[in-house]
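Residue numbers (this note's numbering), protein chains in the order written: chain C, 1 to 206; chain F, 1001 to 1072. Note that CB positions come from ideal geometry on N, CA and C, so glycine has one too.
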Amino acid sequence: MFHHILTHNSKQILNLFIRKNKEFIEQPIMKKFLSDKENFLIFCKAIEQPNKENKEALNLRFQEFYKKARVFKYLASLIHIFSIDFDKKHRLKENRYKLILDKPISSDGEKDGLMIDVLADKKLNDNPYLYELLPQENLQDLIINKDLANALKNLTPKQKDVLELFFIKGYTNKEIATIFNETPQNISRIRKASLKKISKQITVEK
Amino acid sequence: MINKEYEQTEEIIMLLDLLNPKIKKALNNTHYQEREDLEQEIKLKVIETFKKLNDMPVPNFDEFYAPFTKSL
């Protein structure tokens, strides 16, 4: 890969080594190691002049590289597995110690619904006007950022509704889909497309 | 002695930066409410494991090359 920076003589010596050690050079670790310019130069130097100093330099350099690569790979896999375990443990705990609102009403499963659906909110009962205010919150009123507000104007009414229902009122894709008589997948597509449209417009303006 | 520990801390910081995309991706495996906790726990686990891994023996070039010369 870095052949062009070598002298003709060095190239010959290197090519000889490669021919004699084809399988070794093809190893993914060697490929990765040699893809770095410094590594490559140290490697070539040791091949051309295998004195103690050059060989030690190569050994040390390779060792550092190998360690970093192995550590990284191990940790990457650890992170993934750990997160899955973590989630499993949490789901177990969640189901075991359910919050009262998430518990089913009847003791034989969730047939009749959850507590959250039946319990009344005292605050709302005392202040009926509060309930009136909440549904009135729409997208435009809540946006302070000028660029964002401008970008919102370019959305279709449906896109705006989807964003509002999803982000402000916290409806799920399924619920929004039933409102508009669409599939949840389409709602998700609409939502993502509108966000992309907004972000495109904002970055262009910048 | 103190210098070595400082170096190791620097290395851990760099490693966490390098692994950040992997960590962010792993956060998708749990509820958004738990993500902050998970992120903290992952980083803790990474640091613990790194300290153990660092003492692992690793081959140098000659040792890695040796098995390939035998097959000639």
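Enumerate in chain order the residues of its own chain whose CB-to-CB distance from residue i is below 6 Å, with the five nearest sequence positions on each side excluded.
i: I42(C); result: A57, L58, R61
i: R96(C); result: none
i: K153(C); result: none
i: F86(C); result: none
Taking residue i as the reference, give the member of the options with the closest Cα.
i: K1022(F); options: Q49(C), L195(C), F82(C); result: F82(C)
i: I190(C); options: I176(C), K200(C), Q201(C); result: I176(C)
i: K68(C); options: D1055(F), L1044(F), R1035(F); result: D1055(F)
i: A76(C); options: D1017(F), K1004(F), T1069(F), E1007(F); result: D1017(F)
i: F72(C); options: L1019(F), K1024(F), E1039(F); result: L1019(F)
i: P1059(F); options: K169(C), R70(C), Q49(C), L114(C); result: R70(C)
i: L1053(F); options: Y74(C), K22(C), I116(C); result: Y74(C)
i: A149(C); options: I202(C), K169(C), L34(C); result: I202(C)
i: H4(C); options: K32(C), F40(C), D85(C), F17(C); result: F40(C)
i: F1061(F); options: K88(C), F33(C), E38(C), K37(C); result: F33(C)
i: S35(C); options: K88(C), F2(C), S188(C); result: F2(C)
i: T1069(F); options: I187(C), N138(C), E23(C); result: E23(C)
Within a Cβ cutoff of 8 Å, which residues of the same chain sit near residue i, ignoring the five residues on either side of it in sequence?
i: A1066(F); result: none
Taking the C-alpha atoms as reference points, what is the distance between residue i and residue j?
i: L1027(F); j: S107(C); result: 34 Å
i: I13(C); j: C44(C); result: 9 Å
i: F1064(F); j: I25(C); result: 12 Å
i: T1030(F); j: I105(C); result: 26 Å
i: K197(C); j: P28(C); result: 41 Å
i: H90(C); j: L6(C); result: 57 Å
i: K11(C); j: Q63(C); result: 25 Å
i: H8(C); j: Q49(C); result: 15 Å
i: E94(C); j: K111(C); result: 19 Å
i: E53(C); j: E1005(F); result: 28 Å
i: K1045(F); j: I47(C); result: 41 Å
i: K146(C); j: Q140(C); result: 11 Å
i: E164(C); j: P157(C); result: 10 Å
i: Q1040(F); j: K1024(F); result: 11 Å
i: D161(C); j: Q1033(F); result: 25 Å
i: L155(C); j: S194(C); result: 7 Å
i: K55(C); j: D1037(F); result: 47 Å
i: Q1008(F); j: K169(C); result: 47 Å
i: Y171(C); j: V118(C); result: 18 Å
i: D102(C); j: L114(C); result: 6 Å
Taking the beta carbon of residue i as the centre, do at least 16 other beta carbons fall within 10 Å, making it buried, or is it exposed?
i: I144(C); result: exposed
i: Q159(C); result: buried
i: E66(C); result: Rather than Glu, the amino acid found at residue 66(C) in this sequence is Tyr. So Y66(C) counts as buried.
i: M30(C); result: buried
i: S199(C); result: exposed
i: I79(C); result: buried
i: L142(C); result: exposed
i: N1003(F); result: exposed
i: I100(C); result: exposed
i: N15(C); result: exposed
i: A151(C); result: buried
i: I18(C); result: exposed
i: I116(C); result: exposed
i: I84(C); result: exposed
i: I1042(F); result: buried
i: I179(C); result: exposed
What residues match up with residue i in a beta bridge as DSSP calls it?
i: P104(C); result: L114(C)
Using C-beta distances below 7 Å, list every residue in its chain close to residue i, excluding the 5 sequence neighbours before and after it, in chain order.
i: I1012(F); result: I1047, F1050
i: P184(C); result: N173, K174, A177
i: F166(C); result: I176, R191
What does residue i touch in chain B if you count any residue whose Cβ is under 7 Å from its own?
i: N21(C); result: This model lacks chain B altogether; the protein chains it does include are C and F.
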